[in-house]
Each structure stands twice: as structure tokens, then as C-alpha cells.
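The sequence shown begins at 2 in UniProt numbering and counts up by one.
Where is the CB? At the ideal position from N, CA and C, for every residue including glycine.
As the structure is a prediction and not an experimental result, all values here were calculated from the model.
See structure below.
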Amino acid sequence: GKYSWVDKDTCIACGACGATAPDVYDYDDEGLAEVIYDGDANRGIMAIPDDMYDDLQDACDGCPTDSIKIADEPFAQSE
Ligand code: SF4
2 GKYSWVDKDT
12 CIACGACGAT
22 APDVYDYDDE
32 GLAEVIYDGD
42 ANRGIMAIPD
52 DMYDDLQDAC
62 DGCPTDSIKI
72 ADEPFAQSE
């Protein structure tokens, strides 16, 4: 699987990622994107299956602020 999260400090709430990959990205009350896949809650720890890689990559490529982070391993974020 792949792992993803959104850096909300740089997200400008443009709405592109949720349109591209609606099963992975949704928006919080401020319109900032976050990963919702499988209850991830933007932690970047839930594995996203192979058949969604194209959507992930398209969303990442389409983000105007490079706020979408994707990796092959779970992210270990400090709160
Ligand atoms: Fe935020 Fe990037 Fe998604 Fe736009 S595409 S809402 S800037 S994460």
C-alpha cells in the first residue's frame, strides 16, 4: 500500500484533490484537505490499495502547493 497525508499548513483549500481522489481526500470545516481513507484522519498510517495509486498520483501532481505527501511506508508524525 501507499500512505498519504496533507500538510494543512500549506494547503490553500483549492478543492482539487478531493475532486481527483474523493475516496482519499476530503475537507475539514475550513476547507483544508485531509486524508479520510479507512479512517486515517490525515495521519498517513492507513494503507491505500494499489488500484487507487493513479488517483493518488494525479491528486499529488495536481496540488498547486505540493501539500499532498505520499510514501511507501506509514508516516510517523509528531503531534
Ligand atoms: Fe489543498 Fe493541495 Fe488539496 Fe488544493 S489540491 S485542497 S492545495 S491539498
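{"query": "Proximity test, residue 46 beta-carbon vs the ligand SF4 heavy atom, cut-off 6 Å", "result": "no"}
{"query": "Beta-ladder partner(s) of residue 70, from DSSP", "result": "6"}
{"query": "Helix, strand or coil at residue 27 according to DSSP, with G and I counted as helix", "result": "strand"}
{"query": "Enclosing alpha helix (DSSP H) for residue 34 [first to last residue]", "result": "That residue, residue 34, is in no alpha helix (DSSP H); its beta strand (DSSP E) goes 34-36."}
{"query": "Where the alpha helix (DSSP H) containing residue 21 begins and where it ends", "result": "17-21"}
{"query": "Residue 75 versus residue 39: straight-line alpha-carbon distance, rounded", "result": "14 Å"}
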